[in-house]
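Visitor: Take 0 as the starting number for the sequence shown in numbering that gives the first Met the number 0 and just add one per residue. The C-beta atom is built at its ideal place from N, Cα and C for all residues, glycine as well. Below are the structure tokens for one structure; questions will follow.
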Amino acid sequence: MGEAIAVSQPRGSGPILETRDLKVQFKLKGGHKLSAVDGVTLSIVRNQSLGIAGESGSGKTTLGKTLLRIQKPTTGTVKFEGRDVTKLRGKELREFQRSVQMVFQDPFDAIDPLFTVFDAVTEGVRVGRIEKSRDKLEAIVSDALKRVQLSPPEEFIHRRITSLSGGQRQRVAIARSLAMNPSVLVLDEPVSMLDASVRGGVISIMEDLKKSGTTFVTITHDIATVRFFTDTLVVMYLGQVVETGATKDVVSDPLHPYSQALIAAVPVPDPSYHVKSLAKGEIANAAAPPSGCRFHPRCPYAQERCRVEEPKLREVRKGRFASCHFAQ
Ligand code: SF4
Numbered sequence: 000m001g002e003a004i005a006v007s008q009p010r011g012s013g014p015i016l017e018t019r020d021l022k023v024q025f026k027l028k029g030g031h032k033l034s035a036v037d038g039v040t041l042s043i044v045r046n047q048s049l050g051i052a053g054e055s056g057s058g059k060t061t062l063g064k065t066l067l068r069i070q071k072p073t074t075g076t077v078k079f080e081g082r083d084v085t086k087l088r089g090k091e092l093r094e095f096q097r098s099v100q101m102v103f104q105d106p107f108d109a110i111d112p113l114f115t116v117f118d119a120v121t122e123g124v125r126v127g128r129i130e131k132s133r134d135k136l137e138a139i140v141s142d143a144l145k146r147v148q149l150s151p152p153e154e155f156i157h158r159r160i161t162s163l164s165g166g167q168r169q170r171v172a173i174a175r176s177l178a179m180n181p182s183v184l185v186l187d188e189p190v191s192m193l194d195a196s197v198r199g200g201v202i203s204i205m206e207d208l209k210k211s212g213t214t215f216v217t218i219t220h221d222i223a224t225v226r227f228f229t230d231t232l233v234v235m236y237l238g239q240v241v242e243t244g245a246t247k248d249v250v251s252d253p254l255h256p257y258s259q260a261l262i263a264a265v266p267v268p269d270p271s272y273h274v275k276s277l278a279k280g281e282i283a284n285a286a287a288p289p290s291g292c293r294f295h296p297r298c299p300y301a302q303e304r305c306r307v308e309e310p311k312l313r314e315v316r317k318g319r320f321a322s323c324h325f326a327q
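Have a look at this one:
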């Protein structure tokens, strides 16, 4: 059983979503198993924003799907407000599906191209029969559009989705999730599919959501953007959490060599960064993870101990957890 780690400092009334020793394995040909998520314990606390960062193959997307009940855990639990999400049925399940909303990666794929902005933003509310009155639906859309900075809303509400730019569509994708009045928003790479020219606008919306106390989880390979709008950062490598702590601390002084490498890859000069290394090579095959520390084949600091002994996630400094034998 993994150590329980409150990765967000409580400001509200405790975790909304939490995982405990979560494992997700996929069966491969020849009887092999791939552990996409391998023993992840974390809490998502009300009014907090959490970033889950890692390369492709780190398990972050599978972890996100498990939080949303799209993927079933092999072992371990995901709890929503204290209840095991795999056991929710009927009214409780519908309430969970309304309360935990996903914003998908590609704003061009997520929304029916024949929709107007009104249709897109109200789709979940209409399908779930949460609200039927046209006036009230327009008020919901207007409020959601303001929150994503599509203002004045009257200019956008009747426009076709196809007439919007990529950045505007991503805003509509976020607005339609906000219209459901969710407890938690899960965003999969909210800015990485966008041109650099419109990223700033979406980052600014995320900063506003953070300020307004919206609880959200951002899954990304892009530490450069999440550092602006998350309170807490979880860095994943080959299915495991290798570092977690307050985002500003992890970004300014990463403790794990993998976090250091991810941050070193950010093309933003900032003299406050203490980058010590760059990882070598590619992420290993999750179906056959390296012995000892999974990061050892790429780690510039690897020693013999790293090849044989798996480091545990431990509190290296107050509120700072890392799984490296030598982190201090
Ligand atoms: Fe590198 Fe060893 Fe630390 Fe793993 S335990 S990150 S190989 S120094």
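Thinking A52 and V225 are a contact (beta carbons under 8 Å), I'd like their distance in whole angstroms, please.
Guide: As a working note, residue 52 is residue 53 in the sequence shown. As a working note, residue 225 is residue 226 in the sequence shown. A52 to V225, Cβ: 6 Å. Contact.
Visitor: Enumerated in chain order, which unbroken segments of the alpha helix (DSSP H) with a length of 4 residues or greater are wholly contained in the region 41-97?
Guide: As far as the region 41-97 is concerned, its whole alpha helix (DSSP H) runs of at least 4 residues are 59-66.
Visitor: Pull up the CB-CB distance for R97 and G127, whole angstroms please, since I reckon it's below 8 Å.
Guide: As a position in the sequence shown, residue 97 is number 98, starting the count at 1. As a position in the sequence shown, residue 127 is number 128, starting the count at 1. The Cβ separation is near 6 Å, so the contact holds.
Visitor: Do A326 and the ligand SF4 come close, with the Cβ less than 8 Å from some heavy atom?
Guide: By 1-based counting over the sequence shown, the position of residue 326 is 327. For the ligand SF4, at least one heavy atom lies less than 8 Å from the Cβ of A326.
Visitor: Quick check: is the beta carbon of V190 nearer than 9 Å to any beta carbon in chain B?
Guide: The structure shown has no chain B; it contains just one protein chain.
Visitor: In this structure, how does DSSP classify R313 when only helix, strand and coil are distinguished?
Guide: Counting from 1 along the sequence shown, the entry for residue 313 is found at position 314. Strand at R313.
Visitor: Suppose you measure from the CA of N46 to the CA of T213; what does that come to, to the nearest Å?
Guide: Residue 46 sits at position 47 when you count from the first residue of the sequence shown. Residue 213 sits at position 214 when you count from the first residue of the sequence shown. If you take the alpha carbons of N46 and T213, they lie about 5 Å apart.
Visitor: Return the chain-ordered ranges of every alpha helix (DSSP H) run that is complete within the region 181-238 and spans a minimum of 4 residues.
Guide: Listed in chain order, they are 195-210, 222-228.
Visitor: Nearest-angstrom Cα distance between V171 and V147?
Guide: Residue mapping note: residue 171 aligns to position 172 of the sequence shown, counting from 1. Residue mapping note: residue 147 aligns to position 148 of the sequence shown, counting from 1. Approximately 8 Å, taken between the alpha carbons.
Visitor: State the CB to CB distance for the pair V241 and H255, rounded to an integer number of angstroms; the pair is presumed to be in contact (CB under 8 Å).
Guide: Within the sequence shown, the letter at position 242 stands for residue 241. Within the sequence shown, the letter at position 256 stands for residue 255. With a Cβ gap of about 5 Å, V241 and H255 count as contacting.
Visitor: Of all the options S132, V99, V44, A143, which has the alpha carbon lying nearest to the alpha carbon of A119?
Guide: As a position in the sequence shown, residue 119 is number 120, starting the count at 1. The residue with the shortest Cα to Cα distance from A119 is A143.
Visitor: Which residues does DSSP pair with T18 in a beta bridge?
Guide: As a first step, residue 18 must be located in the sequence shown, where it is residue number 19. Beta-bridge pairing links T18 to L41, V77.
Visitor: Do F294 and C285 have their beta-carbon atoms positioned less than 9 Å apart in this structure?
Guide: As a first step, residue 285 must be located in the sequence shown, where it is residue number 286. As a first step, residue 294 must be located in the sequence shown, where it is residue number 295. At residue 285 the sequence reads Ala, which differs from the Cys that was named. No. Outside cutoff.
Visitor: Count the C-beta pairs between the region 243-260 and the region 190-207 that are closer than 8 Å, then say yes if the count reaches three, no if not.
Guide: The region 243-260 vs the region 190-207: no contact.
Visitor: Given R319, which residues of its chain have a CB within under 7 Å of its CB, disregarding the five upstream and five downstream residues?
Guide: In the sequence shown, counting from the first residue as 1, residue 319 sits at position 320. The residues are G244, D248, L254.
Visitor: Please list, in chain order, all residues of the same chain as L67 whose beta carbon is under 8 Å from its beta carbon, the five residues on each side excluded.
Guide: Translated into positions along the sequence shown, residue 67 becomes position 68. Once the five neighbours on either side are set aside, the close Cβ partners of L67 are V99, M101, V185.
Visitor: Starting from V102, follow the beta strand (DSSP E) in both directions and report where the run begins and ends.
Guide: Walking along the sequence shown from the start, residue 102 turns up at place 103. Counting along the chain, the beta strand (DSSP E) containing V102 begins and ends at 99-102.
Visitor: How about V23 and G50: do their beta carbons lie closer than 9 Å?
Guide: As a first step, residue 23 must be located in the sequence shown, where it is residue number 24. As a first step, residue 50 must be located in the sequence shown, where it is residue number 51. Their beta carbons are not under 9 Å apart, which means V23 does not touch G50 by this criterion.
Visitor: In chain order, what are the residue ranges of uninterrupted beta strand (DSSP E) at least 3 long that sit wholly in the region 146-185?
Guide: DSSP runs (the beta strand (DSSP E)) wholly in the region 146-185: none.
Visitor: Here's the rule: buried if 16 or more other CB atoms are within 10 angstroms of the residue's CB, otherwise exposed. What is T121?
Guide: Along the sequence shown, one-based indexing puts residue 121 at 122. That one is buried.
Visitor: In chain order, what residues of the same chain lie with their CB nearer than 6 Å to the CB of E17, ignoring the 5 residues before and after it?
Guide: Here residue 17 corresponds to residue number 18 of the sequence shown, with the count starting at 1. The residues are S42, K78.
Visitor: Identify, in the order they occur along the chain, each residue of the same chain with its Cβ nearer than 8 Å to the Cβ of L136, setting aside the five sequence neighbours on each side.
Guide: Position 137 of the sequence shown, counted from the first residue, corresponds to residue 136. These residues qualify, in order along the chain: F117, T121, V124, R125, E130.
Visitor: Pick out whichever of R297, S258, M235 has its Cα sitting closest to the Cα of S55.
Guide: Taking the first residue of the sequence shown as position 1, residue 55 is located at position 56. It is M235 whose Cα lies nearest to the Cα of S55.
Visitor: Pick from E91, I156, D194: whose alpha carbon is nearest that of F114?
Guide: As a working note, residue 114 is residue 115 in the sequence shown. With distances taken between Cα atoms, F114 lies closest to I156.
Visitor: Going by CA-CA distance only, name the one from V197, T74, Q259, E80 that's closest to L163.
Guide: To locate residue 163, count along the sequence shown from 1; it is residue 164. Among V197, T74, Q259, E80, the Cα nearest to that of L163 is on V197.
Visitor: Could you tell me if the beta carbon of P256 falls within a distance shorter than 8 Å of some heavy atom in the ligand SF4?
Guide: Here residue 256 is taken as the residue at index 257 of the sequence shown, counted from 1. Within the cutoff, so yes.
Visitor: A260 lies in the alpha helix (DSSP H); which residues open and close that run?
Guide: For the purposes of this step, residue 260 is identified with residue 261 of the sequence shown, where counting begins at 1. Counting along the chain, the alpha helix (DSSP H) containing A260 begins and ends at 256-263.
Visitor: Nearest to P189 by alpha carbon, out of R19, S182, T229, R159?
Guide: Taking the sequence shown and counting its residues from 1, the one referred to as residue 189 is at position 190. When each option's Cα is compared against that of P189, the closest is T229.
Visitor: What does the alpha-carbon distance come out to for the pair V39 and L193?
Guide: Locating residue 39 in the sequence shown gives position 40, counting from the first residue. Locating residue 193 in the sequence shown gives position 194, counting from the first residue. Their Cα atoms are separated by approximately 30 Å.
Visitor: Pull up the CB-CB distance for L33 and L27, whole angstroms please, since I reckon it's below 8 Å.
Guide: Taking the sequence shown and counting its residues from 1, the one referred to as residue 33 is at position 34. Taking the sequence shown and counting its residues from 1, the one referred to as residue 27 is at position 28. Contact flag correct, Cβ pair sits at about 6 Å.
Visitor: Confirm the yes/no value for this check: CB of A264, any heavy atom of the ligand SF4, distance under 8 Å.
Guide: As a first step, residue 264 is located in the sequence shown; it is residue number 265 there, counting from the start. Outside the cutoff, so no.
Visitor: Can you tell which of A326, Q259, S290, K145 has its C-alpha closest to the C-alpha of R316?
Guide: Here the question's residue 316 lines up with position 317 in the sequence shown. R316 has its Cα closest to that of A326, out of A326, Q259, S290, K145.
Visitor: Could you compute how far the alpha carbon of G75 sits from the alpha carbon of A195?
Guide: Here residue 75 refers to the residue found at position 76 when the sequence shown is read from its first residue. Here residue 195 refers to the residue found at position 196 when the sequence shown is read from its first residue. About 39 Å.
Visitor: Using the DSSP secondary-structure output, state which residues sit across from T243 in a beta bridge.
Guide: Residue numbering aside, residue 243 sits at position 244 when the sequence shown is read from its first letter. The partner list for T243 (beta bridge, DSSP) reads V233, F320.
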